[in-house]
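Residue numbering for the sequence shown follows the numbering used here, beginning at 1 and increasing consecutively. Report on one structure; see the data block that follows.
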Amino acid sequence: MPVMSSTSNARVPAMTRARFPQAGPAETAPPRSGRSGRRTWAANVITAVAALGFGITLGLGLTAVTRGSLAAPGGLATAAGQIAGLTGSYLLLVMLLLIARLPWLEGVLGQDRLVRWHRRLGPWPIILLGSHAVLITIGYAEQASIGPWHELGILLTSYPDVLMATVAFALLVMAGVASFRAARSRLRYETWWAVHLYTYLAIALAFSHQLADGVSFVGHPLARLFWIVIWALTAGVVLVYRVGLPLWRTVYHRLRVAEVREEGPGVVSVICAGRHLERLPVAGGQFLQWRFLHNDLWWQAHPYSISALPRPPFLRVTVKALGDFSESVANIPVGTRVAIEGPYGVVTAHSRSGDKVLLVAAGVGVTPMRAILEDLPAAVDVVVVLRAPTREDVIFHHEIARLVQARGGRLHVLVGSRHQVRLDSRLLAKLVPDLGTRDVYVCGPEGFTNRVIGAAKRLGVSSERIHSESFAF
Ligand SMILES: Cc1cc2nc3c(=O)[nH]c(=O)nc-3n(C[C@H](O)[C@H](O)[C@H](O)COP(=O)(O)OP(=O)(O)OC[C@H]3O[C@@H](n4cnc5c(N)ncnc54)[C@H](O)[C@@H]3O)c2cc1C
């Protein structure tokens, strides 16, 4: 039987676990009105800077082309090949920067959006670099009046670094193929990730080939300088933000597992203890990449949202067993060291544009909502809707009820199968009659999230007031 229960200032069972005490509603996190304006501004700036760099790169390619070189045998193919090589390499750098975890970029645009752009751009470097290889081989073959296969043999054996660049291209193609939707869904995440790591090697291998063989660079010190600077900057940014900052945070906060606690069927909370957690710049709704340095788990980092604001010296995440990694989390011994990367994510109390909020969560999607609830200032009028198949699956029911009670909000708990309880616009309008005046936060399985977003839009909530976190990249 479906069960729907509502709590409004009702008595709720006291928290039985004292190690991770409750806090009242926060006094911080003002609404960040104009967030979408900041986003558009940031997106425009990034596009303009990237386009400028693309223009300069194209310019470098064109300066190497003369009437004479075009008229020579194979001249056209060679020129087109050089330009394709330069622009393809440049786009690779842009792709790296998009996922370099630059904090200010992530803070404005959000990691999921940057990853989406990175993915959309993905095919272009491969197409351009593939064209570069083919066109250069044809152009040089025509120039030398020999067959393209013969020319390819010469290029591989006698041109500096071409063999290395060919290996680099093969690695890129491998990463590209692994990222196709059809291939990606068949691969384990870890395999996809490991293949992707090779692209860094590919990019490093290709660099010396460009400087040694590129006609735009040989004998052109300014062009060389420009190229070296943009490569060095990209490498620096990647090293600082993807390696240096996470290492520093890990060493500084020295997190260790203090307790692993069951929260529901297949769901555990991992409570870590560390130093200076008051200095970790994390907001409710954000996530970190977690690496538990235990047995064969140490090499995998997985994203988990904090399920409560830090209570120094403690920090908590809550994990649902879905695959091999998340299943092993329940068995991580107390004392295990933890490496972190982040925090990331823009779905926080700051993203709202007003002081009336609806939080909707299904299943383990409750984790960021629980932390946002705690982070919202006391004056914010909050309605929370929790959705789960059974009562046991309602994670943090008591904690959320206490937080809602403390701020005089309303909590609706919807229990039952998908067929019994459909959170559509009719039900949503009944539960939250003033929905159109609220910011809506939603987190849960993709189908659920999309349905709630669709229903909220139909009930008059504009896209800018809908904030959702996807648990799938
Ligand atoms: C921003 C974000 C926040 C999240 N917060 C939580 C949370 O608070 N609680 C929770 O239980 N789950 C959360 N998840 C989901 C969690 O990261 C995955 O369930 C977990 O990584 C699955 O790993 P696995 O090896 O156990 O399962 P697998 O069977 O290997 O994978 C299950 C699914 O998770 C994806 N996945 C696997 N590894 C990763 C990874 N390292 N990075 C991204 N996706 C991966 C796979 O593509 C697959 O779709 C979050 C995911 C994201 C993207």
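Positions of the beta carbon are idealized from the N, C-alpha and C atoms, including for glycine. Model, not experiment: these values are computed from the prediction.
Excluding sequence positions up to five before and after G365, its CB lies within less than 6 angstroms of the CB of C443 and G444, all in the same chain and listed in chain order.
A residue is called buried once 16 or more other Cβ atoms fall within 10 Å of its Cβ, and V383 is buried on that count.
Minimum Cα-Cα distance from S269 among the listed residues V357, L293, E327 and I230 corresponds to E327. In the DSSP assignment, L96 falls within the unbroken alpha helix (DSSP H) covering G75 to L98. T318 has S269 as its beta-bridge partners, per DSSP.
The alpha-carbon of V260 is positioned some 32 angstroms away from that of L423. For F471, the CB falls within less than 7 angstroms of some heavy atom of ligand 1. By a beta-carbon distance limit of 8 angstroms, A388 contacts V394. Their separation comes to about 4 angstroms. Separation of L187 and L197 (C-alpha to C-alpha, rounded to the nearest whole angstrom) is 15 angstroms. Collapsing the DSSP output to three states places Q289 in a strand. Counting along the chain, the unbroken beta strand (DSSP E) around L386 starts and ends at D381 to A388.
Here L52 is exposed: its Cβ has fewer than 16 other Cβ atoms, across all protein chains shown, within 10 Å. Taking 7 angstroms as the cut-off, one finds no heavy atom of ligand 1 near enough to the beta carbon of T191. The secondary-structure analysis by DSSP pairs E262 across a beta bridge with V268. DSSP places H118 inside the alpha helix (DSSP H), whose first and last residues are Q111 to L121. Distance from the Cα of A50 is smallest, within the candidate group L98, Q286 and P310, for L98. For L358, the CB contacts under 6 angstroms within the same chain, skipping 5 residues up- and downstream, are V383, V432, R438 and V440 in chain order. Around R249, the same chain offers I340 as residues with beta carbons nearer than 7 angstroms, after the five sequence neighbours per side are excluded. Its Cα nearest to that of R181, the residue R120 stands out among S462, R120, H220 and L411. Shown here, L359 sits in a strand according to DSSP, grouped into three states. In the DSSP assignment, S185 forms no beta bridge with any residue. Nearest to H118 by C-alpha distance, out of A100, W299 and A144, is A100. Residue environment analysis places T47 among the exposed positions, since fewer than 16 neighbouring C-beta atoms fall within 10 angstroms of its C-beta. Here the region 276-284 does not lie against the region 398-416, with fewer than 3 beta-carbon pairs under 8 angstroms apart. The region 72-87 and the region 133-151 touch, with no fewer than 3 CB-CB distances between them shorter than 8 angstroms. D112 and G214 have their C-alpha atoms spaced approximately 36 angstroms apart.
Under the 10 Å beta carbon count, Y304 is surrounded by 16 or more other beta carbons and is classified as buried.
Taking all protein chains shown into account, A232 has fewer than 16 neighbouring C-beta atoms within 10 Å of its C-beta and is therefore exposed. Here D434 carries a coil assignment [DSSP, helix/strand/coil]. Taken in chain order, the complete alpha helix (DSSP H) segments of 4 residues or longer contained in the region 397-421 are 397-406. Runs of the alpha helix (DSSP H) lying entirely within the region 300-349 and spanning at least 4 residues, in chain order: 324-328.
When the alpha-carbon of N450 is set against those of W104, S470, R370 and V108, the nearest one is in S470.
With a cutoff of 7 angstroms, G219 does not count as near ligand 1, since its C-beta is closer than that to no heavy atom of the ligand.
Shortest Cα-Cα distance from M174 to any of L156, E190 and I126 involves I126.
Shown here, H150 sits in a helix according to DSSP, grouped into three states.
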